[in-house]
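The block underneath contains the structure these notes are about, expressed in structure tokens.
2 protein chains.
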Amino acid sequence: MAASWNVIAQEGLGAATLRRVASVAGVTTGALTHYFSDRDALLIEALRAAHMAAGARMLEAAERDLSAKARLTAVVFEALPLDYNRLTEWKVWLAFWGAAAADARLLDENRRRYAEWRRLLQGLLEPLKKEPRQSSELADHLMVFIDGLGIKVTLAAPARFPRERTRAVAMVTAHIESLLD
Amino acid sequence: MAASWNVIAQEGLGAATLRRVASVAGVTTGALTHYFSDRDALLIEALRAAHMAAGARMLEAAERDLSAKARLTAVVFEALPLDYNRLTEWKVWLAFWGAAAADARLLDENRRRYAEWRRLLQGLLEPLKKEPRQSSELADHLMVFIDGLGIKVTLAAPARFPRERTRAVAMVTAHIESLLD
DNA sequence: CGTATTTTATAACAGTTGTTATGTGAAAAG
DNA sequence: CTTTTCACATAACAACTGTTATAAAATACG
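Line by line, the protein sequences give chains A and B.
Under our numbering, read the first sequence as residues 366 to 546, first letter to last.
Under our numbering, read the second sequence as residues 366 to 546, first letter to last.
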């Protein structure tokens with residue numbers, strides 16, 4: 366799976382051929398076809414695995430013994446491309462988003478993932494919400510914010526990454542702070 | 366160009382082969398190779414053309430004789446996938462974003478486009494800003510918001526498009542309203 | 001009209017792709 | 001030890017790709 370992620374993130378979805386992924390993984394195509402029926406199956410599994418790895422990190426952050434605000438902040442940071450691993454994850458997601466607009470199967474995969482993600486955020490927002498607003502609306506707004514911010518950081522020129530990273534952290538804390546005052 | 370857009374939006378970047386684009390355009394590959402040196406040249410030109418079409422619409426909206434708030438709202442609406450044409454545009458952008466993470470040339474193309482887009486928004490925000498905040502920060506925030514919202518609408522299940530569209534419009538007006546109070 | 005130039009079509013090329021079939025060696029089972 | 005199963009490698013296939021070269025048609029121009 367790590368091999369697929371690296372190929373997709375560094376060379377793009379189109380470069381993720383069976384031969385290329387196998388080569389990076391240090392095996393031959395025979396090993397891949399033994400475990401995956403299709404090229405599509407391999408790629409979808411790579412996407413699922415990336416989703417699950419991120420999901421596990423977020424659940425872990427959500428269960429830490431912190432204040433409600435600190436918990437939410439920790440989870441949101443986990444969702445953003447703030448280090449190399451998470452940046453790779455974002456590149457993989459972005460590649461699949463680009464393909465999902467033309468692929469009903471990927472679209473559905475994405476939809477399922479978003480439902481979970483939304484449920485998690487909504488639960489974390491519930492104890493923080495100001496009365497007049499629904500936590501579902503807050504979750505929607507936060508997801509939109511995270512997606513936009515993640516793209517901004519992911520597509521920044523590599524040299525600008527540190528600056529973008531710092532700005533993203535500041536924007537997140539300001540945004541979460543604004544939910545409370 | 367319209368043929369490239371339709372192929373990319375409906376079938377994905379990978380399906381945008383010379384033969385497929387030519388077929389949709391009602392010509393043969395000979396016509397394409399006459400005008401474009403490369404496949405890459407064709408695709409980049411398709412991206413540029415999409416950017417320019419959207420840019421022209423936005424400039425037009427920015428120059429209409431409206432209040433500062435209404436002007437900003439009109440421009441932002443023009444940037445969102447609120448009808449079929451703009452949805453197609455977003456699918457094209459999304460496809461290129463997915464590829465840009467692994468392609469320095471596309472990354473730079475995207476960076477240039479963002480600089481213009483940011484300048485336009487900043488100018489529209491200037492007369493609206495509350496004193497303590499810089500219009501550059503407001504522009505950053507707004508761009509993040511628009512990108513996230515555009516993705517949300519673009520990747521919604523087709524059946525949910527009307528609902529998502531309505532929600533997006535409401536979120537934009539609320540967001541712009543919050544810049545003023 | 002005839003000629004020059006631009007535009008498009010056709011055809012062929014070598015390279016790459018996903019897929020399938022078959023071979024091979026190692027581990028597990030008896 | 002023997003046999004069976006599993007994990008992988010190798011090889012071959014037809015299909016499709018971008019690119020290039022060449023021919024034909026359409027247009028512009030004198």
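Ideal placement from N, C-alpha and C gives every residue a C-beta, glycine not left out.
Computed from a prediction, not measured in an experiment: that's the story for all the values here.
By the Cβ-count criterion, A/M508 is buried, with 16 or more other Cβ atoms from all chains shown falling within 10 Å of its own Cβ.
Within the stretch 378-399 of chain A, L378, G379 and A380 place their CB atoms closer than 9 Å to a CB of chain B, listed in sequence order. In the three-state DSSP reduction, A/G420 falls in the helix class (H, G or I). Contact between B/F510 and A/G513 holds: their C-beta atoms lie close to 6 Å from each other, under 8 Å.
Counting of Cβ neighbours within 10 angstroms places B/E454 among the buried residues, the total reaching 16 or more. For B/I516, the chain A residues whose C-beta falls within less than 9 Å of its own C-beta are W462, V509, D512, G513 and I516, listed in chain order. Only residues of its own chain outside the window of five on either side were considered, and among them L412 and L471 have a CB closer than 7 Å to the CB of B/F461, listed in chain order. Taking C-beta separations shorter than 7 Å and ignoring five residues to either side along the sequence, the partners of B/Q487 in its chain run S500, S501 and A504, following chain order. Taking the C-beta atoms as reference points, A/A466 is found nearer than 8 Å to B/L520. In this structure, the CA atom of B/M366 is about 19 Å from the CA atom of B/N475. For A/E474, none of the residues of chain B pass the 8 Å Cβ criterion, the least Cβ distance being about 11 Å. Chain-ordered listing is empty here: chain A has no CB closer than 8 Å to the CB of B/Q499, the nearest sitting near 13 Å. Among the residues facing chain A, B/K456 is included, as its CB has a counterpart in that chain under 8 Å away. The closest CA to that of B/A390, considering only B/P492, B/K517, B/F442 and B/N371, is found on B/N371.
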